[in-house]
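Protein chains in written order, with the numbering used here: chain A, 37 to 301; chain B, 149 to 344.
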C-alpha cells in the first residue's frame with residue numbers, strides 16, 4: 037500500500053514541480069509575438085512558394101509585421117492579399133503588378149538538331165550534367181523538355197507540350213519557382229498584361245541558329261525596324277521586347293520571319 | 149574509468165547504434181532524412197536532449213525513485229515526464245536566448261518528445277546501472293550515433309532521387325530497403341570489443 041501511495045505522491049510532486057518550473061520558464065523566457073504577424077499570415081495565399089523572397093509564408097508575415105517587407109509581396113495572393121495586408125498594417129496597398137512566367141524557347145519536337153540521343157535520367161538538370169554536353173540539343177540555350185519546371189510548379193501551370201515547356205497563363209501566379217530549377221535559365225517573368233514575348237534565348241549568330249533550329253532568333257532586326265513603339269531591341273542576335281513600351285499591337289508576331297514572337301491574345 | 153567510457157562511446161556510436169542495431173528512433177530517422185539540412189538540424193537537437201535527459205533522469209532515479217522503492221515500475225513514467233518537460237523547457241529557452249538556433253531546429257525540437265531513442269537511452273542507462281558520468285557519456289554518444297546514422301542515410305537518400313530503380317520501390321519502399329542494407333553493414337561492427 038505504501039508503494040502505491042509513494043508512487044502517486046512522487047509522480048504528483050514531480051508533475052507539480054515540473055509544471056511550476058514550466059510556468060516560471062514561460063514567464064521568464066516569454067517572447068512577444070506581434071499579433072499583426074498572425075493576422076497577416078492568415079490572409080496570405082499559404083502556398084509557401086517563396087516568391088516574396090522570404091523563407092515561406094511565416095517568414096514573410098514576420099517581415100511585414102516588422103515593417104520590413106512591402107505589403108504587396110505575396111505573389112500568389114495578388115491584389116486581394118495585398119489589400120487585406122494593407123488593411124491590417126494600416127498602409128494603402130498599391131497592388132503589385134501581376135506577372136507570369138514565360139519560357140524563352142520555341143524549339144518544338146522535330147524542329148531542332150540534337151548532338152546525340154540522351155537516354156539517362158529524365159531530368160533537365162541530369163541531362164545538362166552529361167560531361168561536355170550541357171544537354172543533348174545543339175542549341176546551347178534551348179529547352180530540354182524533361183520538365184524540371186513542370187515538376188517544380190506548385191500550381192500545375194507548367195506543362196511540357198511538344199517537347200518544350202509551356203506556361204498555362206490562366207494558372208500561373210508568377211512565383212517563378214520554375215525559373216529557379218531551370219538549368220538553362222530560360223524562364224523569365226513577364227507582366228500578366230503582356231501580349232507578346234520573344235520565344236528564344238539563343239545569342240548565336242543567325243547563320244549558326246538556322247543550322248540547328250527551324251525557329252530561333254537570327255537577329256534580322258525586322259521586328260525592331262517595324263515596331264511602332266520602339267519597344268524592341270536586338271542585342272547579340274536576339275530580339276527582346278521592352279514590356280513597358282509595348283503597345284500590344286501584335287505586329288511583331290505577324291511579321292517575324294522565324295515565327296518566334298508569341299502572341300498571347 | 150577511462151576504458152569504460154570509451155567502451156560506452158564505441159557501443160553507442162557503432163556496435164549498439166540506436167538506429168541500426170537497436171531499431172529505436174526510426175520515426176525521425178525516416179521522417180526527416182530526406183534532406184541533409186533537416187537531418188543535421190534534427191541530430192543537433194537529439195544530441196542535446198539525449199545528454200540532458202540522461203543527466204536529469206539519473207538524478208531523479210538515484211535520489212527519488214530508488215530511495216522510495218518505486219524505481220522498478222515508475223522509471224518509464226517518470227522518464228517520459230522528464231523528457232517531455234525538458235523538450236518544452238529547451239524550446240522556450242532557445243526561443244528566447246538563441247532564436248537563430250531555434251528557427252534552425254524548427255519543428256524537430258518538439259518532435260523529439262516522441263523519439264523513443266531518447267527514452268531508450270535513459271532506460272538503458274538505468275538497466276546497465278551506469279554512474280552519472282557514464283550516463284552522460286552514453287546520452288551524448290547515443291546522440292552522436294543517431295547523427296552518424298541519419299546523416300549517412302540522408303546523404304544516400306539525396307542521391308536516391310537520381311537513382312534508377314523499379315517504380316514499385318518508389319518512396320518509402322526504397323528507403324526501407326536502404327535502411328536495411330545500412331543495418332546489415334552496421335552488424336559488421338558487432339564483434340568489436342575493447343579488452344578491459
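For each residue, glycine too, the CB sits at the ideal point set by N, CA and C.
Strand pairing of residue 299 of chain A, partner residues [DSSP]: A:232
According to DSSP, residues forming a beta bridge with residue 268 of chain A: A:277
Chain D contacts from the stretch 231-253 of chain B (Cβ-Cβ distance under 7 Å): Reference to chain D is not applicable here, since the protein chains of this structure are A and B.
Sufficient close CB pairs (3 or more, under 8 Å) joining the stretch 181-193 of chain B to the stretch 272-286 of chain B: no
Straight-line gap, residue 210 of chain A to residue 54 of chain A (C-alpha atoms, nearest Å): 50 Å
Beta-carbon spacing of residue 191 of chain B, residue 284 of chain B below 8 Å: no
Local conformation of residue 276 of chain B per DSSP, three classes: coil
Backbone CA spacing between residue 142 of chain A and residue 160 of chain A [nearest angstrom]: 16 Å
Span of the alpha helix (DSSP H) around residue 225 of chain A: Residue 225 of chain A -> not in any alpha helix (DSSP H); beta strand (DSSP E) instead, spanning 223-227.
According to DSSP, residues forming a beta bridge with residue 195 of chain A: A:202
Reference residue 181 of chain A, options A:294, A:139, A:271, closest by Cα: A:139
Rounded C-alpha distance that separates residue 265 of chain B from residue 237 of chain A: 54 Å
Counted within 10 angstroms of its Cβ, other Cβ atoms place residue 319 of chain B as buried (16 or more) or exposed: exposed
Option nearest residue 221 of chain A by Cα separation, candidates A:110, A:137, A:56: A:137
Heavy atom of the ligand GTP within 7 Å of residue 338 of chain B beta-carbon: For the structure depicted, the ligand GTP is absent and the ligand set is empty, with no information on it obtainable.
CB contact below 8 Å: residue 222 of chain B versus chain A: yes
Selection of the stretch 263-278 of chain A by Cβ proximity to chain B, strictly under 7 Å: none
Which of helix, strand or coil DSSP assigns to residue 266 of chain B: helix
Same chain, Cβ closer than 7 Å to residue 260 of chain B, neighbours up to 5 away in sequence not counted: 193, 194, 197, 235, 266
Backbone CA spacing between residue 89 of chain A and residue 96 of chain A [nearest angstrom]: 8 Å
Exposure of residue 169 of chain B, with buried meaning 16 or more beta-carbon neighbours within 10 Å: buried
Cβ-based neighbour list, residue 290 of chain B, same chain, cut-off 6 Å, excluding 5 preceding and 5 following: 160, 166, 198, 269
Range of the contiguous alpha helix (DSSP H) that encloses residue 196 of chain B: 184-208
Any C-beta of chain A under 8 Å from that of residue 316 of chain B: no
Inter-residue CB distance, residue 229 of chain B and residue 86 of chain A (contact presumed, cutoff 8 Å): At roughly 40 Å, the Cβ-Cβ gap does not stay under 8 Å, so residue 229 of chain B and residue 86 of chain A are not in contact.
Contacting residues, own chain, Cβ-Cβ under 8 Å from residue 192 of chain A (five flanking each side not counted): 204, 207
Where residue 180 of chain B meets chain A, residues with beta-carbon distance less than 9 Å: Within chain A, no residue comes near residue 180 of chain B; the closest Cβ sits about 17 Å away, beyond 9 Å.
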